[in-house]
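Everything on this sheet refers to the single structure shown next.
Residue numbers (the working numbering), protein chains in the order written: chain A, 123 to 479; chain B, 123 to 479.
Quick look at the structure:
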């Protein structure tokens with residue numbers, strides 16, 4: 123094992139750049155390269171590409187195979203897309219070389235939810251090449267699923283789970299705003315839902331499957347609804363202005379039915395500036411069980427920063443995990459990496475060897 | 123593997139009885155026996171011993187070896203004591219037979235905190251006999267340690283951790299009330315601290331070590347303080363009456379120093395009926411990091427019920443764990459056992475085999 127863990131980041135957008143910068147700040151980790159999907163970014167200095175404010179003397183690669191051959195990474199963090207179908211090719215290429223993968227693609231939190239065949243294929247490939255794959259991110263991957271599973275540990279006889287995440291879209295870019303219908307008329311929002319341009323939250327099915335698998339529940343069906351959040355007061359960010367009567371975001375809800383009753387209800391209204399109309403942001407998890415549990419994060423766990431931290435904090439756990447496809451609920455918790463990751467990696471390595479006999 | 127997991131419970135006090143009753147309610151688990159330390163309980167019908175309201179046609183054993191030979195358990199839950207020194211003999215006897223152990227002894231949450239030699243010995247014994255040992259419970263084991271570690275996963279560059287648990291001792295028995303100094307004069311409280319009869323919370327060192335190990339932190343020293351919580355208004359429970367000027371409980375605080383600064387501050391005032399003086403119960407975790415995280419459970423996660431649930435929910439995880447001594451932060455999360463534990467155990471078994479090659 124080398125002195126430092128070599129990491130390659132796929133994606134140089136907001137998430138990929140934040141992850142790359144965090145790797146540079148973390149002793150024990152080495153940013154060995156970055157891969158951009160946009161060919162125009164190839165050759166750009168990596169420091170510049172990730173808004174570091176200084177050059178790194180290392181160029182962004184536009185070709186994954188070239189990057190792998192050059193950077194010889196131990197682990198790759200994939201931050202290029204949301205869907206399994208779109209992530210598959212990159213993850214496959216990495217696993218074939220025995221490189222561990224952390225993906226922040228939302229659907230990778232539980233890829234079998236929408237792509238069971240691909241999930242099986244990735245698992246088999248990972249096992250064959252001695253590598254581990256983990257999907258993570260703030261949500262899915264943490265707030266509305268892992269945290270629910272962790273809190274359920276203090277419960278017996280769980281009857282229902284209700285979890286709500288109220289956040290502010292103001293820090294997000296144009297793609298996210300568009301997918302939530304921000305700035306549309308209510309009519310255009312309905313049309314957008316019908317033609318797929320308004321999608322709401324990516325991740326309810328993934329979260330519900332993760333919870334159900336952990337609790338040993340069989341889910342009969344999942345019902346989702348998406349409603350426009352119509353502004354009553356003007357809301358304005360550098361990217362968008364929403365007038366009264368226009369859409370400030372999407373109230374997306376999922377209800378999972380089990381044995382004829384609603385068992386898991388996930389509520390995720392995403393909008394710009396909810397505080398303008400007196401709505402406080404926050405995450406709330408309520409489990410009706412013995413005992414009842416009610417936990418709140420106020421304000422909400424910040425999405426972008428949390429996803430960046432989770433992706434980096436996942437590195438020691440993924441290195442120590444048995445080969446195969448994993449979800450957040452079947453690995454030990456990802457702790458914040460402290461001053462030095464080396465002892466964690468060493469401990470992880472010893473543990474892995476011990477496990478593998 | 124048998125159709126059901128055979129469980130023996132050590133201890134028929136409030137916790138042991140609650141755990142035994144929960145095992146009886148959980149499909150996939152079989153209550154194979156119970157062991158009482160008090161010889162007078164030996165031979166008592168187990169149903170009667172655990173306040174089930176009906177006989178079970180199975181006698182409580184007063185001898186652990188006899189119980190093991192008769193019950194042939196897969197796993198034992200130890201609920202007899204708080205200290206490693208006191209738990210060691212029972213755990214050793216179980217491990218020698220290859221029986222997995224879940225202990226709710228507070229010090230078993232991180233036994234190396236006070237008994238590093240015993241911790242090493244138990245680990246070696248567990249490995250030698252292919253069994254796993256886990257210490258769990260609401261606190262230490264969950265609120266002021268595991269939950270902190272889990273939440274740290276969304277953080278980078280953690281600076282400080284502050285966690286507070288405000289609970290009500292009203293549901294607890296005379297031993298707990300005595301150890302918190304409830305009903306004493308402030309002078310008698312001070313004397314009790316000096317002679318060791320007033321102890322405050324068992325578990326700060328364990329929680330701090332678990333957090334530090336997960337985050338890769340080196341702790342220089344831990345400073346603890348115990349102050350009497352003096353009632354200003356009369357507080358009264360079926361077991362105790364506290365007049366104004368008398369002690370309603372113990373404000374126990376621990377500060378862990380790292381690199382010259384306070385890094386982890388744990389605050390745990392335990393008293394009867396805090397609401398009488400307008401104090402709301404609850405658990406709060408604050409992590410100063412990127413991003414900051416602030417999470418609250420309100421009311422607090424109920425101690426007794428949560429410990430019972432954790433002990434039972436630990437069973438599938440302990441069966442699936444590699445041989446050795448584990449803490450809550452190095453196993454995958456204990457989820458609430460659902461309608462049936464068998465598929466979890468099967469999945470756990472397959473995973474274990476896979477890991478062991």
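For each residue, glycine too, the CB sits at the ideal point set by N, CA and C.
Chain B contact for residue i (CB, 8 Å cutoff)
i	result
residue 144 (chain A)	yes
residue 136 (chain A)	no
residue 343 (chain A)	no
residue 264 (chain A)	yes
residue 418 (chain A)	yes
residue 457 (chain A)	yes
residue 441 (chain A)	no
residue 196 (chain A)	no
residue 224 (chain A)	no
residue 158 (chain A)	no
residue 338 (chain A)	yes
residue 427 (chain A)	yes
residue 423 (chain A)	yes
Length of the line joining the Cα atoms of residue i and residue j
i	j	result
residue 168 (chain A)	residue 280 (chain B)	26 Å
residue 356 (chain B)	residue 318 (chain B)	26 Å
residue 171 (chain B)	residue 440 (chain A)	46 Å
residue 198 (chain B)	residue 183 (chain A)	55 Å
residue 173 (chain B)	residue 228 (chain B)	24 Å
residue 150 (chain A)	residue 159 (chain A)	27 Å
residue 282 (chain B)	residue 345 (chain B)	16 Å
residue 460 (chain B)	residue 232 (chain B)	28 Å
residue 180 (chain B)	residue 433 (chain B)	22 Å
residue 164 (chain B)	residue 310 (chain B)	38 Å
residue 325 (chain B)	residue 361 (chain A)	50 Å
residue 241 (chain B)	residue 446 (chain B)	10 Å
residue 217 (chain A)	residue 251 (chain A)	6 Å
residue 473 (chain B)	residue 437 (chain B)	Residue confidence for residue 473 (chain B) is low, a pLDDT of 46 falling below 50, so the modelled location carries little weight; the figure read from the coordinates is stated next. Spanning the two alpha carbons is a distance of roughly 15 Å.
residue 365 (chain A)	residue 399 (chain A)	13 Å
residue 313 (chain B)	residue 321 (chain B)	11 Å
Proximity to residue i [Cα-Cα], best of the options
i	options	result
residue 256 (chain A)	A:459, A:456, A:460 and A:448	A:448
residue 301 (chain A)	A:214, A:374 and A:159	A:374
residue 457 (chain A)	B:421, B:411 and B:460	B:411
residue 323 (chain A)	A:350, A:306 and A:334	A:350
residue 363 (chain B)	B:128, B:291 and B:325	B:291
residue 341 (chain A)	A:348, A:354 and A:327	A:327
residue 288 (chain A)	A:401, A:383, A:330 and A:234	A:401
residue 297 (chain A)	A:132, A:258, A:136 and A:126	A:136
residue 369 (chain A)	A:391, A:186, A:383 and A:377	A:391
residue 211 (chain A)	A:236, A:430, A:272 and A:132	A:132
residue 379 (chain A)	A:359, A:313, A:343 and A:371	A:343
Simplified DSSP assignment, three categories, for residue i
i	result
residue 428 (chain B)	helix
residue 182 (chain A)	coil
residue 127 (chain B)	strand
residue 323 (chain A)	coil
residue 409 (chain B)	strand
residue 404 (chain B)	strand
residue 329 (chain B)	helix
residue 214 (chain B)	helix
residue 382 (chain A)	coil
residue 190 (chain B)	helix
residue 419 (chain B)	strand
Contact with chain A by residue i, beta-carbon distance below 8 Å
i	result
residue 131 (chain B)	no
residue 155 (chain B)	no
residue 125 (chain B)	no
residue 261 (chain B)	no
residue 460 (chain B)	yes
residue 232 (chain B)	no
residue 238 (chain B)	no
residue 410 (chain B)	no
residue 91 (chain B)	Nothing can be reported for residue 91 (chain B): it is not among the residues displayed for chain B, which extend from 123 to 479.
residue 220 (chain B)	no
residue 271 (chain B)	yes
residue 452 (chain B)	yes
residue 396 (chain B)	no
residue 431 (chain B)	yes
Residue i: CB within 7 Å of a non-hydrogen atom of the ligand SAH
i	result
residue 245 (chain A)	The model depicted lacks the ligand SAH and carries no ligand whatsoever.
Checklist entry - Taking any Cβ of chain A, which residues in the segment 273-305 of chain B have a Cβ under 9 Å from it, in chain order? => result 273, 274, 275, 276, 277, 278, 279 and 280
Item to check | the segment 369-389 of chain B: positions lying closer than 7 Å to chain A by Cβ | outcome: Those would be none; no residue qualifies.
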